[in-house]
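Trainee: Let me give you the structure first, and then I'll get to my questions.
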Amino acid sequence: MRYATLVQLAPDGRGMRFARRLSGEAAPRFADLAKLPGWLSAAPEDRRRLAALAALLRHRAAIDAELSGPRLAMIAEAVGEDLLDAACEGEPPAELPEAAPLPPPERLLPEGEALLEAALPVCLAACFPGARDDAAARALVARASGLAEALA
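In structure tokens, the structure reads:
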């Protein structure tokens with residue numbers, strides 16, 4: 012399944028991949044298979060939920076520090092109360108690079124989508140411009156994926 016996804020997203024043949032590597036461009040490698048997430052073949056609604064969870068986890072410290080009940084209610088309304096509860100029930104993620112202020116509720120989903128892309132291998136940048144093989148984003152998305160599976 013992962014190999015089929017990689018072939019679909021990076022359909023170059025072996026010669027083209029070799030030429031890309033020689034020219035310094037990122038070409039898919041078999042090591043990239045391990046980094047391909049299941050969400051690439053998920054339904055759009057499942058991707059949206061995963062992106063929302065990733066953003067909530069990213070901003071977990073700011074959510075915990077938020078004193079405004081109405082603001083938290085707006086976040087719950089924007090992403091879903093079940094997702095907000097799931098993101099806030101466990102331990103906060105330890106792999107966060109820096110504390111970030113809580114964005115407006117309408118920015119959470121785009122930020123989560125950016126995290127999903129950032130976690131992808133660089134060789135997929137042609138399809139996903141934000142792909143940068145970010146290990147911290149990959150860990151955050153993996154944790155969000157585990158929460159999403161638990162909610163299903």
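Mapping the sequence shown onto this note's numbering, position 29 (from 1) lands on 40, and the numbers just tick up by one.
Cβ atoms here follow ideal geometry from the backbone N, Cα and C, with glycine treated the same way.
1) Go through its chain and collect everything with a Cβ distance to Arg59's Cβ below 7 Å, but skip five positions before and after it.
2) Could you give the distance in angstroms between the alpha-carbon of Ser156 and the alpha-carbon of Leu64?
3) Can you say whether Cys138 is buried or exposed, counting buried as having 16 or more other CB atoms within 10 angstroms of its CB?
4) Which first and last residues belong to the alpha helix (DSSP H) in which Ser52 is found?
5) Assuming the contact rule is C-beta atoms closer than 8 Å, Glu77 and Leu113 should be a hit. Round their C-beta distance to whole Å, please.
6) Roughly how many whole angstroms lie between the Cα atoms of Ala105 and Arg69?
7) So Pro103 and Ala72 are supposed to be a Cβ contact under 8 Å. How far apart are they, rounded?
8) What is the DSSP secondary structure of Asp145, reduced to helix, strand or coil?
9) Can you tell me which of the three DSSP states Ser79 falls into?
Mentor: Let me lay it out:
1) Within its own chain, the residues whose Cβ lies closer than 7 Å to the Cβ of Arg59, once the five positions on either side in sequence are excluded, are Leu120, listed in chain order.
2) Ser156 and Leu64: Cα-Cα distance of roughly 8 Å.
3) Result: exposed.
4) For Ser52, no alpha helix (DSSP H) run applies, since DSSP gives it neither H nor E.
5) Indeed they touch by this definition, with Cβ atoms about 6 Å apart.
6) In a straight line, the C-alpha of Ala105 is about 10 Å away from that of Arg69.
7) With a Cβ gap of about 6 Å, Pro103 and Ala72 count as contacting.
8) Coil.
9) Three-state DSSP puts Ser79 in coil, outside helix and strand.
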